[in-house]
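Residue numbers (the UniProt record's numbering): 1 to 422. Worksheet: one structure, shown below.
Below is the structure:
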């Protein structure tokens, strides 16, 4: 026989095995019936039913006589179901593409996991308008509660970060004007992530993002990670699972990700630092975790609010279509922030010549970045709201008071591990 990756479904635990997912995952199989376990990187979970409601040992999965697929915890509580009672379901099938399907007597799909994605896509799968990928909280906590999501609209495919119940766009892969009545969708093809906004299959897509062609099936998948990256992985026999693409690597590169240096952090050429004087690193050994104000902002003492001025500092939300003020000046921008206690910064964007510009007033300040004007073709200044002190003037890489040194460090590379005990 031959070894190779294949899809399977069942109960899966991550780490201590005191709680379980019902999931679809990629395993390493020998022929059609034997799963081989010597590869510690297997299995790779690509869909799960109950990421927000894990079950314990002795949980059961049942396809009931009335056609409902029910996941029941050990105490009898219903953890998840397909809600397909009375819909003429006669069977359950896991397809060669990794799609878990409930079908009727005509072999038509009544319910399928492809219509309910979690954080991953596999080749052949659609991401439909109105559906989204949602990142897990962390690489060890798979709960659906991460900051990042990816969704299709009638204008294209967009990546968002959640901030105070508001979705802020940090990257777009395709943007189009909708004229077709067909629902928009993206499909993960072998060699591309293709977008159908006005076009519909089997016609040519409106756009496509290249993905290295898979050497085998199902030897590839993509996942939206808790850091906001949409990474593509491929199984290579000699080395295991390997990242082969990062599809949201945007105009600003690594520094364009909203949490690359944590909250209040500044990213410059792969390094993270804090704004001078008023901020400190959360962890001196891990600058990428971000910064915190030495003196927290107080709405009760708003008369003592002032700003730290950072020249040539940009923000990922500058690509968002909606600024808070347009055709304005820096002073008006700052005053608007001072009048709004929830405002954490006044971010001003303007042309290469001193001119009226756009003002952004975020209520939550994620990572900022050094503005490389030769690439962005705009000027930008960040005015960070602080408590108590008068406003110093500092630019990224500029002079600072002699008794304080800039704290800088390398962004720690992401490390992804999967401890599998099934």
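Beta carbons: idealized from backbone N, C-alpha and C, even for Gly. Just so we're clear, the structure is a prediction, and the values are computed from it rather than from any experiment.
Please state the DSSP three-state secondary structure of residue 118.
For the purposes of this step, residue 118 is taken as residue 118 along the chain shown, with counting starting at 1. Of the three classes helix, strand and coil, the one that applies to residue 118 here is coil, per DSSP.
Just checking, does the stretch 179-193 make contact with the stretch 121-133 on the three C-beta pairs under 8 Å criterion?
The answer is yes - the stretch 121-133 touches the stretch 179-193, with three or more Cβ pairs under 8 Å.
Comparing alpha-carbon positions, which option in 193, 295, 387, 168 lies nearest residue 361?
As a working mapping, residue 361 is identified with position 361 in the chain shown. When each option's Cα is compared against that of residue 361, the closest is 168.
Within the chosen definition, does the stretch 154-174 reach the stretch 360-380 through at least 3 CB pairs nearer than 8 Å?
yes
For a minimum of 4 consecutive residues, which ranges assigned as the alpha helix (DSSP H) are wholly contained in the UniProt domain "Apple" (299-382)?
330-338, 373-376
Does the Cβ-Cβ distance between residue 119 and residue 223 come in under 8 Å?
Residue 119 sits at position 119 when you count from the first residue of the chain shown. Residue 223 sits at position 223 when you count from the first residue of the chain shown. For residue 119 and residue 223, yes; Cβs fall inside 8 Å.
If I measure Cβ to Cβ from residue 73 and keep anything under 7 Å in the same chain, skipping five residues before and after, which residues do I get?
The residue given as residue 73 occupies position 73 in the chain shown. Cβ within range, chain order: 55, 56, 59, 79.
Between the stretch 295-307 and the stretch 319-327, do at least 3 Cβ pairs fall closer than 8 Å?
no
Do residue 275 and residue 384 count as a contact pair if the criterion is CB distance below 8 Å?
As a working mapping, residue 384 is identified with position 384 in the chain shown. As a working mapping, residue 275 is identified with position 275 in the chain shown. Yes, the pair counts as a contact, with Cβ atoms nearer than the cut-off.
Using the three-state DSSP reduction, which class does residue 287 fall into: helix, strand or coil?
Sequence index remark: in the chain shown, residue 287 carries index 287 (1-based). In this structure, residue 287 counts as helix in the three-state DSSP scheme.
Just to confirm the assignment, what range does the beta strand (DSSP E) spanning residue 75 have?
Here residue 75 refers to the residue found at position 75 of the chain shown. Counting along the chain, no beta strand (DSSP E) covers residue 75, and no H or E run does either.
Closer than 6 Å by C-beta to residue 47: which residues in its own chain qualify, once you throw out the five before and the five after it? Chain order, please.
The sequence position of residue 47 within the chain shown is 47, counting from 1. Excluding sequence positions up to five before and after residue 47, its CB lies within less than 6 Å of the CB of 24, 113, 118, all in the same chain and listed in chain order.
Given that a residue counts as buried once 16 or more other Cβ atoms are within 10 Å of its Cβ, and exposed if not, what is residue 405?
In the chain shown, residue 405 corresponds to position 405, counting from 1. Confidence is the limiting factor: at residue 405 the pLDDT is only 31, short of 50, which leaves the residue's position unreliable and the question unanswerable from this model.
For residue 105, which residues of its own chain have a beta-carbon under 8 Å away from its beta-carbon, when the five flanking residues on both sides are left out?
Taking the chain shown and counting its residues from 1, one reaches residue 105 at position 105. So the list reads 88, 90, once near-sequence residues are dropped.
When burial is assigned at 16 or more other CB atoms within 10 Å of the CB, is residue 375 buried or exposed?
On the chain shown, residue 375 is found 375 positions in, with the first residue counted as 1. When all chains shown are included, residue 375 counts as exposed.
Taking residue 369 and residue 288 to be in contact with their CB atoms under 8 Å, please state how far apart those CB atoms are, rounded to whole angstroms.
One-based indexing of the chain shown puts residue 369 at position 369. One-based indexing of the chain shown puts residue 288 at position 288. Actually they are not in contact, since the Cβ atoms of residue 369 and residue 288 sit about 13 Å apart, beyond 8 Å.
When DSSP builds the beta bridges, which residues end up paired with residue 61?
Indexing the chain shown from 1 puts residue 61 at position 61. Paired residue(s): 71.
Let me know the beta strand (DSSP E) ranges lying completely inside the stretch 184-257, each 3 residues or longer, listed in chain order.
185-189, 192-196, 207-210, 220-224, 230-236, 240-246
Going by alpha carbons, who is nearest to residue 227 out of 138, 264, 295?
Along the chain shown, one-based indexing puts residue 227 at 227. The option with the nearest alpha carbon to residue 227 is 138.
Keeping to the same chain, check which residues put their C-beta closer than 6 Å to that of residue 342; ignore five residues upstream and five downstream.
Position 342 of the chain shown, counting from 1, holds the residue named residue 342. Cβ neighbours of residue 342 beyond the five flanking positions: 363.
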